[in-house]
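Quick note: the sequence shown uses the working numbering, first residue 13, plus one each step.
Below: one structure, written as structure tokens.
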Amino acid sequence: MIKTNNRGTTIVEALVVIVILSLGLIPSLTVIVTVNSLSSIIMNDLIGANLAQEGVEVVRSLRDANWFASRSFDNNLIGDWTVEWNTNWVTNPPQPAGANPALKLDSNGLYNYATGPDTYFRRRIFIIKDPTLPGCNCELRVISEVTWPTKKTTRTLTVESHLFNWK
13 MIKTNNRGTT IVEALVVIVI LSLGLIPSLT VIVTVNSLSS IIMNDLIGAN
63 LAQEGVEVVR SLRDANWFAS RSFDNNLIGD WTVEWNTNWV TNPPQPAGAN
113 PALKLDSNGL YNYATGPDTY FRRRIFIIKD PTLPGCNCEL RVISEVTWPT
163 KKTTRTLTVE SHLFNWK
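Following this line, the structure appears as structure tokens:
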């Protein structure tokens with residue numbers, strides 16, 4: 013009868029199982045961490061793009077309000093401003109950019125400068141007459157710039173639009 017010694021086999025088998033599991037788990041965990049980090053970056057990029065576009069749309073609304081009030085299309089628009097989604101000439105006019113305060117996020121999920129905790133996002137609106145058209149009172153250049161910090165640097169997203177005095 014042949015006698016076998018199986019006491020050391022279970023240790024070897026356990027080590028093989030640990031190696032196989034670690035070779036499968038470590039890459040999986042790395043992928044999960046990377047995807048989580050990328051989703052945060054993509055989310056902030058999307059928020060920044062929407063905030064920049066919102067800034068241009070608010071200025072367009074102010075230009076239209078000038079027309080409705082029979083004022084010049086660029087009345088009180090030239091300069092550096094901070095604007096909110098509800099900026100208007102009557103109850104919430106645009107404010108000079110100054111120190112460029114952080115946008116806040118209120119309980120309704122709206123970005124503003126008055127209520128809620130500070131976010132990482134800052135938005136400035138630059139409105140200038142197009143310098144390539146001297147003497148022409150027909151075009152405004154609107155630049156909406158949103159900045160926010162990342163782990164390594166500060167991201168800046170800029171949207172530019174040209175508004176015309178077509179009325």
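All C-beta atoms, glycine included, are put in the ideal place defined by N, C-alpha and C.
task = Determine the extent of the beta strand (DSSP E) in which Y125 is found, giving its start and end residues.
result = Looking at the DSSP string, Y125 is not in any beta strand (DSSP E), and its letter there is neither H nor E.
message = Using CA atoms only, rank isn't needed, just tell me which of T94, V31, W101 is closest to A109.
response = T94
ask   = Given a threshold of 16 other Cβ atoms within 10 Å of its Cβ, counted over all protein chains shown, does P105 qualify as buried or as exposed?
value = exposed
Under the three-state DSSP convention, the category D118 falls into = Of the three classes helix, strand and coil, the one that applies to D118 here is coil, per DSSP.
inquiry  = Can you tell me where the beta strand (DSSP E) holding L169 begins and where it ends?
reply    = Segment 166–176, the beta strand (DSSP E) holding L169.
Beta-carbon contacts of E66 that lie in its chain and below 7 Å, excluding the five residues immediately before and after = W97
query = From this set, A77, N56, I155, which residue's C-alpha is nearest T131's C-alpha?
reply = N56
message = Applying the 10 Å Cβ sphere with the 16-neighbour rule, what's the burial state of S156?
response = buried
query = Over what stretch of residues does the beta strand (DSSP E) that includes G91 continue unbroken?
reply = 91–94
query = Taking the alpha-carbon positions, what's the G128 to T144 distance?
reply = 41 Å
ask   = Based on the DSSP secondary-structure assignment, which residues constitute the bridge partners of F80?
value = In DSSP, F80 forms no bridge with anything.
key: Closest residue to L74 among S49, W101, N62, D92 (Cα-Cα distance)   = W101
message = For V158, report the span of its beta strand (DSSP E) as first-last.
response = 151–161
ask   = Pick from I38, L117, V31, S49: whose alpha carbon is nearest that of R134?
value = Nearest option by C-alpha distance: L117.
ask   = Are the beta-carbon atoms of Y123 and L169 separated by less than 8 Å?
value = no
Supposed contact pair T99 and V70 - C-beta distance, whole angstroms, cut 8 Å = 5 Å
inquiry  = Looking at C150: is its Cβ nearer than 8 Å to the Cβ of F176?
reply    = yes
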